[in-house]
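Numbering (the UniProt record's numbering), first residue to last: 1 to 649.
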């Protein structure tokens with residue numbers, strides 16, 4: 001059943017066209033993502049659907065009696081209630097029913113109040129009817145639902161009587177999200193719901209939305225989150241919307257294949273056009289061949305010309321280089337205590353080390369002290385005691401998540417040029433252009449830049465410093481999806497060492513060679529990417545759970561069995577992934593062979609080749625060879641499919 005349709009929505013701001021003929025649909029229980037660059041109109045479209053903006057053209061159509069819940073990007077809950085009272089307000093009708101039921105129960109406990117049995121029987125009937133309605137609407141579970149959502153959104157440690165007014169902006173946004181989730185509308189519209197959430201809370205939200213009974217329309221820059229939740233993607237680009245089936249990673253693959261296919265079709269046609277033009281020029285003047293040349297000219301005139309596919313919108317382009325290589329030992333921390341007040345340290349007794357070429361992700365819950373630790377290493381401002389040893393030839397480039405240093409009233413051009421005065425203006429402008437500051441953009445005042453623009457300018461500064469140890473605090477904040485991917489590619493190719501904090505699990509997976517978890521217990525090392533860290537944590541928790549459930553004599557044996565079982569499962573999944581890659585590689589080869597066969601068969605239709613016996617024979621022989629190869633590949637593909645199905649069972 002279709003819950004939502006937008007029919008040819010268009011919207012402009014002044015002379016700028018933001019959306020043009022946008023038609024999307026959301027069916028019941030679908031999880032749909034809107035993706036695209038910053039400024040492509042994602043939030044605008046959500047506001048139009050939610051009724052907060054009016055489109056210039058087009059209409060929004062909902063199925064009859066569809067309930068809609070909308071969380072705006074910068075929602076802040078203003079209330080004079082307590083945390084629990086605010087959540088309870090969602091269930092006002094149920095609370096009233098519950099009071100009515102209690103009042104009925106009190107009456108039924110005093111049957112002598114009734115003058116006749118008929119009145120008493122009516123009360124019993126009314127009570128039974130109301131109780132059934134109360135049960136159907138979740139009357140016996142709403143308090144548990146409130147506590148589940150509060151715990152999931154990290155309010156479990158808060159006193160329920162804490163006034164909402166006492167919460168920070170980020171906490172109020174989280175509470176607004178919780179309140180919306182409890183209303184359970186048929187269509188949930190979420191604009192950047194992952195902002196202000198730590199990894200643990202993000203994981204809870206993913207699981208909650210995966211099992212949500214209604215449909216979801218969502219905008220998010222968290223690609224890991226999108227991969228886990230969504231089943232359909234609409235890309236907004238150059239005022240248009242394009243649909244892709246699958247999660248975010250599938251969308252990226254489909255988009256890349258689509259571009260490759262379009263480019264091949266364009267290049268093939270260009271060759272054909274060049275060939276036709278060449279034939280026309282060589283033969284139009286000869287009396288014996290002029291008719292054939294005219295025929296080719298008509299063929300060319302009737303041809304539907306394919307436009308060269310655009311490789312997306314303009315992307316940032318940059319890479320990180322180093323002036324000189326560091327020594328093997330880059331960083332060593334011993335018994336470090338960090339914080340802002342000596343009497344109130346944030347974390348104590350921290351020790352770890354890094355060697356050249358490592359890329360280490362620092363993870364942990366919000367407020368645990370990750371940024372505080374990075375500041376202590378980068379500039380010593382939060383070091384209270386302990387030792388920080390920097391290796392030989394190590395130079396540090398620090399990216400602050402707040403971009404605190406970018407508050408000046410200089411222009412963008414002067415902000416960068418003043419830091420690197422020996423660099424020619426032409427080169428400074430080229431670098432700014434690579435970070436998407438072109439034309440008059442370089443004359444913008446730094447303090448008036450958006451979060452994304454400040455982030456790009458901070459990265460431009462960092463790139464020009466050419467340090468060999470990068471310390472990055474939430475470098476993907478404020479960046480759109482495309483800029484994140486460019487940053488990832490630049491860091492993957494970076495020849496230095498990286499220590500970073502990020503809530504972007506997709507980013508951690510691509511960049512990290514090691515994960516360090518910061519918790520109240522201290523630092524724990526995991527030698528792998530984010531998925532390895534999650535798997536290892538799950539394995540440890542499973543072993544602990546097994547140990548607790550068994551008698552004192554059994555834990556070691558059970559732990560070993562649990563670990564063995566986990567390793568077997570991990571090995572099965574590894575084989576499954578290997579088979580998937582092999583199947584994918586074979587499918588690509590099969591497609592290439594099929595394209596070659598089609599091209600060779602098409603060439604036989606050319607009269608010049610058809611009338612040349614030797615050429616035609618050679619092509620026929622190649623077709624036979626290709627078909628034999630194709631048959632062999634298909635047989636191999638079938639065997640791998642059988643093996644994959646067996647491994648998955």
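Glycine included, every Cβ here is placed at the ideal spot set by N, Cα and C.
- In the three-state scheme derived from DSSP, where H, G and I count as helix and E and B as strand, residue 169 is classed as helix.
- Under the criterion of beta carbons closer than 8 Å, residue 86 and residue 26 do not qualify as touching, at roughly 28 Å.
- If you compare the alpha carbons of 601, 350 and 159 with that of residue 525, the shortest gap goes to 350.
- Sorting 413, 337, 298 and 428 by C-alpha distance to the C-alpha of residue 381 places 337 at the top.
- Burial check for residue 154: the Cβ neighbour count within 10 Å reaches 16 or more, so the residue is buried.
- With a minimum length of 3 residues, the unbroken runs of beta strand (DSSP E) contained wholly in the region 285-344 fall at 329-341.
- Cβ neighbours of residue 593 within its own chain (closer than 8 Å, five residues either side excluded): 626, 629, 630 and 633.
- DSSP places residue 21 in the strand class (E or B) of the three-state scheme.
- According to the DSSP assignment, residue 473 belongs to the beta strand (DSSP E) that extends over 469-473.
- Residues of the same chain with a CB within less than 7 Å of the CB of residue 13, apart from the 5 flanking positions on each side, do not exist.
- In the DSSP secondary-structure assignment, residue 496 is not bridged to any residue.
- Of 101, 151, 119 and 145, the smallest CA-CA separation from residue 134 is found for 101.
- Around the C-beta of residue 646, fewer than 16 other C-beta atoms lie within 10 Å, and the residue is accordingly described as exposed.
- Residue 391 and residue 528 have their C-alpha atoms spaced approximately 24 Å apart.
- For the 9 Å CB-CB criterion, residue 215 and residue 46 do not form a contact.
- For the pair residue 137 and residue 93, the CB atoms are nearer than the 9 Å cut-off.
- Considering only 156, 99, 235 and 112, the residue with the shortest C-alpha distance to residue 38 is 235.
- Of all C-beta pairs linking the region 240-249 to the region 221-229, three or more are shorter than 8 Å, placing the two stretches in contact.
- Segment contact: the region 273-285 against the region 250-259, fewer than three CB-CB distances shorter than 8 Å; contact not assigned.
- For residue 328 and residue 396, the gap between their C-alpha atoms comes out near 15 Å.
- As DSSP reads the structure, residue 519 sits in a beta bridge with 522.
- Judged by DSSP secondary structure, residue 267 falls within the alpha helix (DSSP H) whose first and last residues are 248-283.
- Contact holds between the region 65-78 and the region 169-184, because three or more Cβ pairs, one in each stretch, are under 8 Å apart.
- DSSP, read as helix, strand or coil, puts residue 192 in coil.
- When 511, 622, 19 and 191 are compared, the shortest CA-CA separation from residue 601 is found for 622.
- DSSP places residue 218 inside the beta strand (DSSP E), whose first and last residues are 215-219.
- In the assembly as shown, residue 371 is a buried residue. Its beta-carbon has 16 or more other beta-carbons within 10 Å.
- Boundaries of the alpha helix (DSSP H) harbouring residue 201: 199-210, taken from the DSSP string.
- Only buried fits residue 400, as 16 or more other CB atoms lie within 10 angstroms of its CB.
- Setting aside the 5 residues that flank it on each side, residue 409 is surrounded in the same chain by 445, 446 and 447, each with a C-beta closer than 8 Å to its C-beta; the list follows chain order.
- Closest in alpha carbon position to residue 319, among 110, 604 and 435, is 435.
- Between the region 529-540 and the region 499-518, the count of Cβ pairs shorter than 8 Å is three or higher; the stretches touch.
- Here residue 82 is bridged, per DSSP, to 163.
- According to the DSSP assignment, residue 510 belongs to no beta strand (DSSP E) but to the alpha helix (DSSP H) extending over 505-511.
- Note on residue 598: under 16 other CB atoms within 10 angstroms of its CB, so exposed under the neighbour-count rule.
- Closest in alpha carbon position to residue 498, among 309, 323, 469 and 160, is 469.
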